[in-house]
Amino acid sequence: MLTVATFALLLSTPPQAAAQAQAAASVQADSPGARVMTPELVAKLRGVSSAVMSASGTHVAYTLQVQRKPFVDEDGPAWTELHVLDLANGESRPYVSGKVNVSGVSWTPDGSAIAYLAKREGDDGRSLYTIPLAGGESIHLLEHEGGINGYSLSPDGTQVAFLSREKPDPRVKELAGKGFKAEIFEEELRYSRLWIAPLSGGEPRQLDIEGHVSGVQWSPAGDRLMLTVAPTPLVDDSYMKRRIRVVDPSSGRVTARIENAGKLGQIAWSPDGKRLAFISGEDINDPMQGRLIVVPVTGGEQVDLVPNYEGHIAGVIWLDESTLVYLADEDLHTRIGEVAVDGSARRTLVEPPGPVLHGMTASRDGGALSFIGDTPEHPNEVFVLRGDGGTPERMTDSNPWLADVRLAPQENVVWQARDGLELHGLLIRPLDEAAGRSYPLVVQVHGGPESRYDDGWLTSYSLHGQVAASRGIAVFYPNYRASTGRGVEFSKLDHGDMGGKEFDDIVDGVDHLIETGLVDRDRVGVTGGSYGGYATGWLTTRYSDRFAAGVMFVGISNQISKVGTSDIPEEMFLVHNRLRPWDDWELFLERSPVYWAGDSNTPLLILAGKDDPRVHPEQSMEMYRNLKLRGSAPVRLVFYPGEGHGNARAGARYDYNLRAMRWLEHYLVGPGGEKPPTELDYPLERGEEGPPEKVTTASDERG
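For the sequence shown, counting from 1, position 4 maps to 34 in the numbering used here; every step adds exactly one.
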């Protein structure tokens with residue numbers, strides 16, 4: 031039987047060459063390393079989700095996400111385990127593993143133990159634990175009614191500042207039991223409050239801080255607390271109105287109010303406690319926090335240390351009182367740089383390209399840095415950089431079986447938009463590509479749009495990457511205008527123009543790939559989630575003649591009703607639309623995919639979380655209903671109960687991967703025509719990870 035890749039090759043080669051290609055593929059499929067990526071293998075991928083360097087620079091504590099096994103485990107999100115890496119010998123071992131969900135990992139001040147949050151057996155909510163570095167059982171350090179959402183250990187190890195949600199009103203539960211279940215929308219809010227507890231025993235005390243507290247850090251001397259506070263717990267406020275407050279832990283008095291200009295990212299105390307470094311938006315209309323700011327801890331002038339940087343700062347640490355190290359997203363890669371506290375003496379420590387790095391932490395002396403990093407060959411792992419001018423070294427291997435999987439080549443793509451703007455993206459070429467022939471293409475559009483694709487691992491339950499490539503389909507990841515990684519000005523190029531030039535950029539990128547000869551113009555599909563789902567809806571209606579299939583995930587279909595049903599209407603206004611619907615009803619209507627539904631002839635699969643607060647499921651219903659009424663192309667709507675803005679549970683992820691891939695393959699490689707059946711075959715139900723090569727009997731009637 032033939033693979034999709036081999037089958038597609040046979041369609042365009044002479045009989046004798048086709049026979050040789052089939053024989054070669056058969057030999058390769060039986061050789062070591064012949065497996066290709068399948069949805070079943072995607073369902074078992076593990077990845078590092080956080081990594082924290084010890085103050086001594088000798089160990090890294092990290093969390094590992096372990097996916098549940100569909101049809102074996104109870105359905106749910108991935109488990110999160112705690113592991114520790116010993117840098118002396120490079121060995122890693124689990125400390126808290128199994129059916130656990132560990133978060134908030136940090137080192138105790140003396141470095142003898144790792145602290146973490148988890149809800150374990152007997153806990154009503156998340157509690158604070160420590161586990162000795164030397165090994166042994168976890169110690170239950172603190173619990174609090176309502177659970178612990180975040181914490182910071184005092185430098186002397188005697189106190190913990192922690193965050194906990196307000197207790198629900200018991201009368202609400204009592205009334206609900208009697209049938210009174212009315213919910214007052216956006217008014218019955220439970221705030222996160224700040225508490226301080228002695229670790230030697232005793233009652234915690236609450237500090238009276240105005241607003242919703244989402245973050246806390248002790249100062250190096252333990253005499254102050256740095257807080258992040260929003261006016262309310264509403265998501266819109268957490269995005270756009272989180273600000274920095276410095277507090278006296280004894281009295282709860284706010285000693286400084288630092289008004290960052292826009293969105294807020296990481297914050298770090300200087301070693302002498304005199305300054306704060308933080309990552310912020312340039313202004314309230316900046317779509318992404320990415321400017322590196324230093325300010326006196328008493329308030330005052332805020333200094334941008336890397337002004338006009340055509341990238342986005344993603345992480346910062348202090349080497350000493352006068353020097354900072356920053357991690358930056360720059361185009362498709364990452365850069366590590368150093369800068370003085372006054373903005374001078376800026377230099378690069380690690381040049382791109384290389385592994386795509388996130389989550390930088392450091393030893394006390396700055397001699398060792400830890401990161402999470404990924405590459406086109408593997409998902410997130412722990413990386414460590416030791417010494418000035420070195421190279422980040424990969425220290426863990428969470429998916430050793432990947433060494434036996436053949437992966438298609440990944441490369442950078444540069445093209446020019448119709449207005450002359452240079453744009454960048456990534457391309458995964460078809461596995462076993464034959465010279466001189468054209469292939470189907472899937473365009474994978476990122477969300478945000480304040481996001482980007484980087485030159486790392488690009489395969490997951492909703493990113494088709496290596497799975498599609500193994501089936502003879504190229505996959506294109508465009509960073510259209512308004513993507514991050516290229517500075518503030520570039521990220522604002524969509525303002526007041528939603529669905530305009532930004533989505534034209536995607537079409538121009540497809541045209542570029544067609545011109546290279548790689549892509550068959552008649553077999554182009556598009557998919558994406560959230561804003562990428564919006565792009566999918568737009569391109570399969572407004573540009574229906576260009577796309578043969580689409581898979582729209584938690585996507586926007588009506589810009590007018592989106593404003594009225596989303597939990598981030600203010601964020602949409604401030605950093606994207608820059609208009610209210612009543613400012614230009616016609617623009618909001620014309621930039622809605624449903625407006626163009628009458629022009630659509632593209633088969634569209636629509637998938638959505640049934641409990642999505644960001645892009646309400648009615649957006650998917652509107653798209654489905656209008657296209658069904660149009661009746662000119664197959665359309666299907668699939669809801670995932672219990673899922674929100676993206677699927678979290680193992681079953682829903684696996685189902686999505688199979689369902690979306692089947693739809694795209696059916697219309698780009700297979701027979702097309704009527705919709706594929708609603709039922710799916712689940713190889714994992716039979717305990718299979720799929721054959722070494724994907725087998726198909728589909729015929730491509732378009733040749």
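Ideal Cβ positions, reconstructed from N, Cα and C, are used throughout, including at glycine.
Identified DSSP bridge partners for residue i
i, result
"G674", "G676"
"H408", "T405"
"H89", "D116"
"D359", "H342 and T364"
"L306", "W299 and V325"
"T353", "D350 and A370"
"W626", "None; W626 has no bridge partner."
"M83", "V90"
"W109", "V96"
"E423", "V414"
"V66", "R436"
"N131", "T110"
"R666", "L635"
"G567", "BP columns for G567 are empty, so no partner."
"V333", "V324"
Check whether residue i and residue j have beta carbons under 8 Å apart
i, j, result
"E104", "V126", "no"
"V735", "A690", "Because the chain spans 31 through 733 in this model, residue 735 falls outside it and cannot be assessed."
"A504", "Y469", "yes"
"S428", "G77", "yes"
"E532", "N588", "no"
"D186", "P139", "yes"
"P713", "E70", "yes"
"I636", "R666", "yes"
"R272", "T258", "yes"
"I586", "D266", "no"
"S500", "L461", "yes"
"S521", "P317", "yes"
"Y670", "G639", "yes"
"G134", "Y181", "yes"
"G563", "V593", "no"
"W487", "P383", "no"
"V624", "V540", "no"
Where residue i falls, given that 16 or more other Cβ within 10 Å makes a residue buried
i, result
"F413", "buried"
"T632", "buried"
"W615", "exposed"
"P82", "The displayed chain sequence assigns Val, not Pro, to residue 82. The residue in question, V82, is buried, as its Cβ has 16 or more Cβ neighbours within 10 Å."
"T160", "buried"
"V612", "A small correction: the amino acid at residue 612 is Trp; Val does not occupy that position in the sequence shown. Exposed, because fewer than 16 other Cβ atoms sit within 10 Å of the Cβ of W612."
"K197", "exposed"
"P422", "buried"
"L456", "buried"
"P701", "exposed"
"D449", "exposed"
"F215", "exposed"
"F308", "buried"
"G526", "exposed"
"D154", "exposed"
"N179", "buried"
"F210", "exposed"
"V102", "exposed"
"I314", "exposed"
"K203", "exposed"
"N290", "buried"
"Q95", "buried"
"L710", "exposed"
Closer than 8 Å to chain D by CB, residue i
i, result
"A164", "Reference to chain D is not applicable here, since this structure consists of a single protein chain."
Rounded Cβ spacing between residue i and residue j (contact assumed at less than 8 Å)
i, j, result
"V386", "E368", "At roughly 20 Å, the Cβ-Cβ gap does not stay under 8 Å, so V386 and E368 are not in contact."
"A108", "Y684", "Incorrect: roughly 12 Å between the Cβ atoms, too far for contact."
"Y507", "Y483", "4 Å"
"V327", "A286", "6 Å"
"A663", "S630", "6 Å"
"L335", "V324", "6 Å"
"S84", "G141", "5 Å"
"H675", "G558", "Incorrect: roughly 13 Å between the Cβ atoms, too far for contact."
Within the stretch 577-605, ranges of the beta strand (DSSP E) (whole runs, at least 3 residues): You should have 579-583.
Complete alpha helix (DSSP H) runs within the stretch 531-561 (minimum length 4 residues, chain order): Qualifying alpha helix (DSSP H) stretches, in chain order: 531-545.
Start-end ranges of the beta strand (DSSP E) lying completely within the stretch 145-229, minimum 3 residues: If only complete runs of 3 or more residues are kept, the stretch 145-229 shows the beta strand (DSSP E) at 157-162, 169-172, 180-183, 189-195 and 222-228, in order along the chain.
Alpha helix (DSSP H) runs wholly inside the stretch 221-299, at least 4 long, in chain order: You should have 265-270.
Beta strand (DSSP E) runs contained entirely in the stretch 459-514, provided each spans 3 or more residues: Taken in chain order, the complete beta strand (DSSP E) segments of 3 or more residues contained in the stretch 459-514 are 469-475 and 504-509.
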